[in-house]
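Participant: Below is one structure. I have some questions about it.
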Amino acid sequence: MNPFLIAEIVDRVLFYLELDDENLHPCLLVSKLWCTVTAPLLWQDALSNVRIKNVISIYLHCLPPDDVSELRSRKLIEDITKPTFRYPTFLKRFSYYNVMFQIGSFLKYNQAQVSYLFGKIWKVMAIHDVRLTELHINDLKADMPDYLSPLLKEREYRAVIVTVKRLMYHHTEKYDELIRALAETCSNVKRLHLFDHHPIKHKRPLLRPDMEPIASLISKQKSLKVVRFNNIHGGMYVLLPSFQSQLHSLKYIYFTRVDFTDARPWNVLAKASKMEFLSIKNCMGMKDEMVNPLIGAQLPNLKYVDWDCSPYDILT
994 MNPFLIAEIV
1004 DRVLFYLELD
1014 DENLHPCLLV
1024 SKLWCTVTAP
1034 LLWQDALSNV
1044 RIKNVISIYL
1054 HCLPPDDVSE
1064 LRSRKLIEDI
1074 TKPTFRYPTF
1084 LKRFSYYNVM
1094 FQIGSFLKYN
1104 QAQVSYLFGK
1114 IWKVMAIHDV
1124 RLTELHINDL
1134 KADMPDYLSP
1144 LLKEREYRAV
1154 IVTVKRLMYH
1164 HTEKYDELIR
1174 ALAETCSNVK
1184 RLHLFDHHPI
1194 KHKRPLLRPD
1204 MEPIASLISK
1214 QKSLKVVRFN
1224 NIHGGMYVLL
1234 PSFQSQLHSL
1244 KYIYFTRVDF
1254 TDARPWNVLA
1264 KASKMEFLSI
1274 KNCMGMKDEM
1284 VNPLIGAQLP
1294 NLKYVDWDCS
1304 PYDILT
């Protein structure tokens, strides 16, 4: 019997299980074979869990011996048994905020130490050829330094995110350098979720030059399929034209709590012939002259429109 046949069957069976500990942990007790199949499933989202201190420790023990010794000398990790697997290779999803919060909490938010340890985590991902499919840069705080964009100046570190297909980005002006680095590196994004943390300071529409790197990110994608914009405080005059490069692939568009006051007429949306779903909820600045091009457009693939533009207060 082909020894790989069982692994293939087990892999297919586990594919349909709910990916949680309760379902998968019993599989580890069956055999080494099952262990090799379930470990990648359990560890593909290991850094997005609520408590990941032990996970980070295991990752850091996958560094070269000199790095591990240095971490021990700094008392940043404790001695543990050598990891059974090359766990970093299984990682597919990365939550920037969660990792930074967890590191900061057990290092008492010492910025130098946090920066050092975050660099080591990204290094272990790079040397183990991690290729992320999801990157969440969300829940950013005004006092949270940008530890990631300096690392992305290194080619081998950028390789970690080249394959990202799903990007969630909560935008603040402080992270302009980071979004530029993402625009230069990521061109395979299929699903983009943008949330704006820019505060409202004026009643008139704001000029938003900080939206230009985001527009560049959109324009550089090979085939963006899903776009979600939440709580965008102006700058749509910059963002909407960037959809032009994605008309061949864009199928699902969601606008929620978006200020369209500064937007130009929706000619680009009127040309989105591949669009199947359009959701516009709790938005403002919806003028007739802006919307009219879409109303009269021929969109043969459009199946559903969810339109509710009740007045609302933009989050600040």
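The sequence shown begins at 994 in the working numbering and counts up by one. Built from N, CA and C at the ideal position, the CB exists for glycine as well. From a predicted model like this one, the values you see are computed outputs, not experimental measurements.
Alpha carbon to alpha carbon, what distance is there between C1179 and Q1214?
Facilitator: Q1214 and C1179: Cα-Cα distance of roughly 7 Å.
Participant: Use the C-beta contact count for D1059: other C-beta atoms within 10 angstroms, 16 or more gives buried, fewer gives exposed.
Facilitator: Exposed, because fewer than 16 other Cβ atoms sit within 10 Å of the Cβ of D1059.
Participant: Among P1138, H1054 and Q1037, which one has its Cα closest to the Cα of V1108?
Facilitator: The question names Val, but residue 1108 is Ser in the sequence shown. With distances taken between Cα atoms, S1108 lies closest to P1138.
Participant: Between the alpha carbons of Q1237 and T1082, how many angstroms are there, rounded?
Facilitator: Between Q1237 and T1082, the C-alpha separation is close to 36 Å.
Participant: Could you tell me the boundaries of the beta strand (DSSP E) in which K1274 lies?
Facilitator: From DSSP, the beta strand (DSSP E) with K1274 extends over F1270 to K1274.
Participant: Check S1209 in the structure and name its three-state DSSP category.
Facilitator: Three-state result, S1209: helix.
Participant: Which of the three DSSP states, helix, strand or coil, is assigned to D1189?
Facilitator: D1189 falls in the strand class under three-state DSSP.
Participant: How many angstroms separate the CA atom of V1061 from the CA atom of K1113?
Facilitator: The alpha-carbon atoms of V1061 and K1113 are separated by roughly 10 Å.
Participant: With DSSP as the reference, identify every bridge partner of N1223, one or two as the case may be.
Facilitator: F1188 and T1249, per the DSSP bridge assignment.
Participant: Take I1045 as the anchor and find which of D1072, S1098 and Y1297 has the nearest alpha-carbon.
Facilitator: Per the Cα distances, S1098.
Participant: Between W1394 and Y1089, how many whole angstroms is the CB-CB distance? I'm expecting something under 8 Å.
Facilitator: Outside the shown range of the chain (994 to 1309) lies residue 1394, about which nothing can therefore be said.
Participant: Between the beta-carbon of Y1230 and the beta-carbon of D1255, is there less than 8 Å?
Facilitator: Yes, the Cβ-Cβ distance between Y1230 and D1255 is below 8 Å.
Participant: Please name the residue in F1248, C1276, I1273 and G1289 whose C-alpha comes closest to that of K1264.
Facilitator: Per the Cα distances, G1289.
Participant: Answer with buried or exposed for H1241, where buried requires no fewer than 16 other C-beta atoms within 10 angstroms of its C-beta.
Facilitator: Counting Cβ neighbours within 10 Å, H1241 comes out exposed, since fewer than 16 surround it.
Participant: Go ahead and pull the three-state DSSP assignment for Y1162.
Facilitator: Note: Y1162 maps to strand in three-state DSSP.
Participant: Which of the three DSSP states is assigned to S1066 in this structure?
Facilitator: Three-state result, S1066: helix.
Participant: Which partner residues of M1277 appear in the DSSP bridge assignment?
Facilitator: For M1277, which the question treats as bridged, DSSP gives the partners D1252.
Participant: Around the Cβ of A1105, are there at least 16 other Cβ atoms within 10 angstroms (buried) or fewer (exposed)?
Facilitator: The residue in question, A1105, is exposed, as its Cβ has fewer than 16 Cβ neighbours within 10 Å.
Participant: By Cβ distance, which residues of its chain are closer than 7 Å to Y1297, with the 5 residues on each side in sequence left out?
Facilitator: Hits under 7 Å: F1270.
Participant: Does the Cβ-Cβ distance between C1055 and V1153 come in under 8 Å?
Facilitator: Contact flag unset, no.
Participant: Please check the pair D1301 and K1274, which I expect to be a contact at CB under 8 Å, by giving their CB distance rounded to whole angstroms.
Facilitator: Right, the Cβ-Cβ distance comes to about 5 Å (below 8 Å), so this counts as a contact.
Participant: By the three-class DSSP mapping on this structure, what secondary structure does L1145 have?
Facilitator: In the structure shown, L1145 sits in a helix (DSSP, three-state: H, G or I).
Participant: Decide if Q1291 is buried, meaning its Cβ has at least 16 other Cβ atoms within 10 Å, or exposed.
Facilitator: With fewer than 16 other Cβ atoms within 10 Å, it is exposed.
Participant: So, helix, strand or coil for L1035, using DSSP?
Facilitator: Here L1035 sits in helix by DSSP.
Participant: Once the 5 residues before and after P1286 are set aside, which same chain residues still bring their CB inside 6 Å of it?
Facilitator: Once the five neighbours on either side are set aside, the close Cβ partners of P1286 are P1258, W1259, N1260 and A1263.
Participant: Check this for me: beta carbons of Q1037 and K1068, under 8 Å apart or not?
Facilitator: Taking 8 Å as the Cβ cut-off, Q1037 and K1068 do not qualify as a contacting pair.
Participant: Can you list, in chain order, the residues of its chain with a C-beta nearer than 8 Å to that of N1181? Leave out the 5 residues immediately preceding and following it.
Facilitator: Here the set comprises V1155, T1156, V1157, K1158, Q1214 and K1215.
Participant: Quick check: the Cα distance between L1232 and D1203, rounded to an integer number of angstroms?
Facilitator: Computed Cα separation, rounded: 11 Å.
Participant: Taking buried to mean at least 16 other C-beta atoms within 10 Å of its own C-beta, is K1075 buried or exposed?
Facilitator: Answer is exposed; the Cβ neighbour count stays below 16.
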